[in-house]
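Peer 1: One structure, pasted below without further comment.
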Amino acid sequence: MSPLAHIVSIARQEPRYEDALVRCSVREVLEGLGAGWTNLVQPGDRVLLKPNCIRQSHTERPNEWEQIITHGSVIAAVAGEVAAALQGRGTITIADAPQTDSDFDWICVRTGLLDLQARLEQRYPRLKVELLDLRREYWVTRRGVVVERRKLKEDPRGYTLVDLGEASSFHGKAGRFYGADYDSAATAQHHSHGQHEYLLARTAMDADVFINLPKMKTHKKVGVTLSLKNLVGINGDKNYLPHFCIGTPDQGGDEFPDSDARSKVQSLMIAAFKKTALLSGAATKLWAPIASRMGTRMFGSTGTVVRSGNWHGNDTTWRMTLDLNKILFHFDGTGARRTKPLRYLSIIDGIIGMEGDGPLNGTARPTGALVMG
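Here our numbering runs 87 ahead of the position in the sequence shown, where the first position is 1.
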């Protein structure tokens, strides 16, 4: 089995998700690499397909979703080619750790993944096809406020804790890191005193072949979300992922772009709100949505006011993204260094892309492209 060349291939097509059209584009981009699926996949392999399943829809327009997540026709086209290359023997796992308040079951319905699983297993009786939500928790939110946390089944193969230490892109950077939950101390626990820990889903780390299926779209913390950023979805606990540093630039933070008094007051009030929400437990659902509305009236909505590290000066999220890529390519599911290179391919779904307020509130754009490399 000869390795794939380190080049990029692009296929252009009409910007619509028609199954036959997408299958042709998937075959075209692989041919552009001068290779076939057998250069990547062997019978009996465990193959991980990692789409972008961040959320079931646009946050404000629930009927819009094609610019938000990797389309099911792209996933199906790739899965079909992989199943044939496996000769019906092995495992195909379609997995992601979506945003904590996202409905994974609804995502599977919208993308047709349940039907895809049934079709493949019927055609290839010896092939195992899995659909996995790699998260440990699901959060119920109201007006952006977490009011309830529910335990999920988690990755059936468990999780691998990897400490990058001095190899981390955060090495030498100080700051009050904020992850995804109200308890910033949880993130600080994993990123302080020279340690930089991440909790990786072992299903992803144990795969023989990793096929990345990101969406082509903008992202307010890193500019764009493509192949590198898509690996956020192999980490099982979002609190291991620093998203910004609390405070204004003159305080060593990147939460806000300006170091004015208004931004500092906002930062203090947000911190107090989150601490109170963390301590008040079930009562949070009673008062927090009201407090959130009051905060919006005072300081503006997140869609119109820059906060939470949502700007080009965010100096945190790109470091976290690079760390996750370092771990995938250099460590295996046991947390040990890989003894042989990971077989990896990325296919970016840009048939319908996104511009504007990404990754969740942007506008659909008919890009008409698949990019493989």
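Where a beta carbon is used, it is the ideal one built from N, C-alpha and C, also for glycine.
Let me check one thing: in DSSP terms, what residues is C332 bridge-paired to?
Peer 2: According to DSSP, C332 bridges with F264.
Peer 1: If you follow the beta strand (DSSP E) that D106 is part of, which residue opens it and which one closes it?
Peer 2: It is not in any beta strand (DSSP E) - D106 instead sits in the alpha helix (DSSP H) that spans 106-119.
Peer 1: What did DSSP end up calling G421 once you bin it into helix, strand or coil?
Peer 2: Looking at the sequence provided, one finds Thr at residue 421 rather than Gly. Here T421 sits in coil by DSSP.
Peer 1: Please go through the same chain and pick out, in chain order, the residues whose beta-carbon is closer than 6 Å to the beta-carbon of G320, but skip the five residues on each side of it.
Peer 2: These residues qualify, in order along the chain: D183, A184.
Peer 1: In the DSSP assignment, what are the bridge partners of L287?
Peer 2: In the DSSP output, where bridge partners are listed per residue, L287 has T247, N322.
Peer 1: Residues in the same chain with beta-carbon distance under 6 Å from A294, minus the five sequence neighbours each way, listed in chain order, please.
Peer 2: Hits under 6 Å: R133, L135.
Peer 1: What does a CB cutoff of less than 6 Å around L409 pick up in its chain, not counting 5 residues either side in sequence?
Peer 2: Within the same chain, L409 has close Cβ partners S256.
Peer 1: Between R425 and the rest of its own chain, which residues show a CB-CB distance below 8 Å, the 5 nearest in sequence each way excluded?
Peer 2: Only F416, H417, F418, D419 meet the Cβ criterion.
Peer 1: Starting from the C-beta of G175, find all residues in its chain whose C-beta is less than 7 Å away, skip the five residues before and the five after it, and write them out in chain order.
Peer 2: Here the set comprises Y211, R213, L214.
Peer 1: Please report the distance separating the alpha-carbon of I179 from that of D444.
Peer 2: So the alpha carbons of these two residues sit roughly 33 Å apart.
Peer 1: If we call anything under 8 Å between Cβ atoms a contact, is L300 one with V95?
Peer 2: Against a cut-off of 8 Å, the Cβ pair of V95 and L300 comes out as no contact.
Peer 1: Name the one or two DSSP bridge partners that F297 has.
Peer 2: DSSP output for F297 lists L135, Y431 as bridge partner(s).
Peer 1: Within 10 Å of its beta-carbon, does L248 have 16 or more other beta-carbons around it, so buried, or fewer, so exposed?
Peer 2: Exposed.
Peer 1: With a cut-off of 8 Å on the beta carbons, I'd call L429 and F297 a contact; round off their distance for me.
Peer 2: Indeed, because the Cβ distance is near 6 Å, the residues count as touching under 8 Å.
Peer 1: In three-state DSSP terms, what is R176?
Peer 2: It is coil, neither helix nor strand.
Peer 1: Specify, as a first and last residue, the run of the beta strand (DSSP E) that D220 falls within.
Peer 2: Taken as a continuous stretch (DSSP letters only), the beta strand (DSSP E) holding D220 covers 214-220.
Peer 1: Is it buried or exposed, G131, if we count other Cβ atoms within 10 angstroms and call 16 or more buried?
Peer 2: Classification of G131: exposed, given that the 10 Å Cβ count is below 16.
Peer 1: How far does the beta strand (DSSP E) with E147 in it extend, from its first residue to its last?
Peer 2: Neither: E147 is in no beta strand (DSSP E) and is coded neither H nor E.
Peer 1: Could you give the distance in angstroms between the alpha-carbon of K316 and the alpha-carbon of T383?
Peer 2: Going from the Cα of K316 to the Cα of T383 covers about 29 Å.
Peer 1: Using DSSP with H/G/I as helix, E/B as strand and the rest coil, what is H277?
Peer 2: In the structure shown, H277 sits in a helix (DSSP, three-state: H, G or I).
Peer 1: Alpha carbons only, please: which of D192, W398, Q338 is nearest the one belonging to G310?
Peer 2: The option with the nearest alpha carbon to G310 is W398.
Peer 1: Measuring CA to CA, which of L201, R222, N401 is closest to K240?
Peer 2: Minimum Cα distance to K240 is reached at R222.
Peer 1: Tell me whether the stretch 320-329 and the stretch 135-154 touch, counting them as touching only if at least three CB pairs, one residue from each stretch, are closer than 8 Å.
Peer 2: Touching, yes.
Peer 1: What did DSSP end up calling A184 once you bin it into helix, strand or coil?
Peer 2: Looking at A184 - three-state DSSP - the assignment turns out to be coil, as it is neither helix nor strand.
Peer 1: If the criterion is Cβ atoms closer than 8 Å, does the pair T403 and H330 meet it?
Peer 2: Contact flag set, yes.
Peer 1: Tell me the rounded alpha-carbon separation between E151 and F264.
Peer 2: Straight-line Cα distance between these residues: approximately 33 Å.
Peer 1: Spatial neighbours of D337 within its chain, please: CB distance less than 6 Å, with the 5 preceding and 5 following residues excluded, ordered by chain position.
Peer 2: If we look at D337 and ignore the five residues flanking it on each side, its Cβ neighbours are S346.
Peer 1: Quick check on I141: does DSSP put it in helix, strand or coil?
Peer 2: Coil at I141, not helix or strand.
Peer 1: Would you report the Cα separation of D188 and V227, rounded to the nearest angstrom?
Peer 2: Answer to the nearest angstrom: the Cα atoms are 6 Å apart.
Peer 1: With V311 as the anchor, note down where its beta strand (DSSP E) starts and where it stops.
Peer 2: Element bounds for V311: 310-312.
Peer 1: Would you check if the distance between the CB atom of S433 and the CB atom of S354 is smaller than 8 Å?
Peer 2: Not a contact, by the Cβ cut-off of 8 Å.
Peer 1: Just to confirm, are A261 and G339 a CB contact at a threshold of 8 Å?
Peer 2: It is a contact, given that the beta carbons lie within the stated cut-off.
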